[in-house]
Ligand code: ZN
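In this note's numbering, the protein residues as written are 6 to 159.
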């Protein structure tokens with residue numbers, strides 16, 4: 006089995022059995038809604054913070070398998086991390102989706118399986134949707150706000 010096939014299995018597995026997918030989160034601090042009109046992906050992300058760390062994180066949404074599976078892998082990789090650490094990991098994933106080698110291979114966990122998506126520019130936004138919602142949720146929390154909606158059209 007090639008690495009590519011293995012990665013495809015990881016992606017399919019997250020799509021079929023998503024981690025941390027739920028329509029609500031007890032004690033949530035921030036709720037953001039992001040969409041990717043290019044593909045029709047919709048993403049709700051809810052964040053609860055404790056001791057400056059990601060204490061609770063759930064997503065809910067609809068769209069292509071890449072967007073939903075990537076959000077699932079993202080939540081698994083960042084739950085429990087400090088906010089700054091989670092933002093740093095988000096930046097690493099973002100760079101990876103723009104063709105750079107990730108610096109935090111092990112910390113990305115299953116999210117590493119999306120590296121091949123970087124070769125398909127129209128799918129990059131799908132893979133980034135959950136991570137960009139996370140970055141937005143954390144910076145929104147740090148600003149002291151609680152909810153908003155972002156539509157990515159660029
Ligand atoms: Zn998509």
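Even glycine gets a Cβ: it sits at the ideal position worked out from N, Cα and C.
Between residue 48 and residue 36 a beta carbon distance of about 11 Å is seen, past the 8 Å cut, so the two are scored as non-contacting. Annotated three-state conformation of residue 27 is coil, per DSSP. Residue 72 sits buried, since 16 or more C-beta atoms from the chains shown fall within 10 Å of its C-beta. Taken from the Cβ of residue 68, at least one heavy atom of the ligand ZN lies inside 6 Å. When the alpha-carbon of residue 28 is set against those of 43, 7, 63, 94, the nearest one is in 63. Collapsing the DSSP output to three states places residue 60 in a strand. DSSP, reduced to helix, strand and coil, places residue 85 outside both helices and strands of the structure shown, so it counts as coil. Classified as buried, residue 83 has 16 or more neighbouring CB atoms from the shown chains inside 10 Å of its CB. A check of alpha carbon separations from residue 144 across 95, 77, 45, 26 identifies 95 as the nearest. Closest in alpha carbon position to residue 150, among 74, 15, 11, 33, is 33. In the DSSP assignment, residue 155 forms a beta bridge with 39. When the beta-carbon positions are compared, residue 70 and residue 20 come within less than 7 Å of each other. The C-beta of residue 43 has fewer than 16 other C-beta atoms within 10 Å across all chains shown, which makes the residue exposed.
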